[in-house]
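Here the structure comes first, spelled out in structure tokens, and everything after it is commentary.
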Amino acid sequence: MLRIEVLGPLQVTTESGPIRIGGQTAVLLGWLAMHANRPLRIEEIARLSADDAPAGSEQRARTLLRRLAADLAGAIDLAPATACLTADEGTIDAAQFTALAADARRHWREGDHERVAEDVERALALWRSDPYPELAHLLDAMPAIEALNRTRLAVLETQQEVAMDRGVDFTTVAQLRQLASAHPERLGFRLLLARALHLL
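Position one of the sequence shown corresponds to residue 184 (my numbering), numbered consecutively onward.
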């Protein structure tokens, strides 16, 4: 089973075990993972490399994609003009994280806080560090990266709300102080901190 982890430095595991992918190949795979199950034009993929002249970058991209397709045992569908990474929800950790966050929101609306706690715990366990670091220099990748970061903060807010339903102590307040200080733009953390201080 193929596993691609992008919530932190790229990690790839195939049925044969972990494989090391770095350099420009990691950039290409990160981009394919970010747009999984969508055919991408190879000329667009070639623009991810700023080092090559336009005349050579597309050929280099094709070469790297062929090697990558071989390494991933058919998970990349190569056509004359496009490339597509085929992945289900369990293949890419970012997709799994997003799905768990959605599950947590749904279970919260349903009042099933035990399920919410499970969802957020599983989601946050997937998060190793900044998502898609190999793509951090690409302006076109920023919206997806920022969306993941916002989702993580929302999950952290939900985690704290669930924890407060079970009781408030000094540890809860300390965690909320840290979150509110680290993310002053998030009103939710400040409101939760005020509520925790009131309940303490």
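Ideal placement from N, C-alpha and C gives every residue a C-beta, glycine not left out. Quick caveat, the model's predicted, so the values are computed rather than measured.
Quiz item: Any idea what DSSP makes of Leu-376, helix, strand or coil?
Solution: Helix.
Practice problem: May I have the straight-line CA-CA distance separating Thr-208 from Asn-332, to the nearest angstrom? | Solution: For Thr-208 and Asn-332, the gap between their C-alpha atoms comes out near 24 Å.
Quiz item: Which whole-angstrom value is the C-beta distance of Thr-274 and Arg-186, which I expect to be below 8 Å?
Solution: So it is a contact: roughly 6 Å between Cβ atoms.
Self-check item: Of the residues Leu-370, Met-347, Leu-383, the one placed nearest His-296, counting alpha carbons only
Solution: Restricting attention to Leu-370, Met-347, Leu-383, the CA atom closest to the CA of His-296 is found in Met-347.
Quiz item: Are three or more beta carbon pairs between the segment 213-226 and the segment 318-331 nearer than 8 Å?
Solution: Judged by Cβ distances under 8 Å, the segment 213-226 makes contact with the segment 318-331, as three or more pairs qualify.
Quiz prompt | Backbone CA spacing between Leu-375 and Asp-254 [nearest angstrom] | solution = Using only the alpha carbons, I get a separation of about 47 Å.
Exercise. Enumerate, from N- to C-terminal direction, the unbroken alpha helix (DSSP H) stretches of 4 or more residues contained entirely within the segment 226-272.
Key: Uninterrupted alpha helix (DSSP H) stretches at least 4 residues long and entirely within the segment 226-272 occur at 237-254, given in chain order.
Self-check item: Cβ-Cβ distance between Glu-340 and Gly-294 below 8 Å
Solution: No, the Cβ-Cβ distance between Glu-340 and Gly-294 is not below 8 Å.
Quiz prompt | Reference Ala-308; option with closest CA among Gln-279, His-218, Gln-358 | solution = The alpha carbon of Ala-308 has as its nearest neighbour, out of Gln-279, His-218, Gln-358, the alpha carbon of Gln-279.
Quiz prompt | Of the residues Val-351, Leu-362, Gln-358, Gln-342, the one placed nearest Ala-379, counting alpha carbons only | solution = When each option's Cα is compared against that of Ala-379, the closest is Val-351.
Quiz item: Between the beta-carbon of Gln-342 and the beta-carbon of Leu-359, is there less than 8 Å?
Solution: Going by C-beta atoms, Gln-342 is not nearer than 8 Å to Leu-359.
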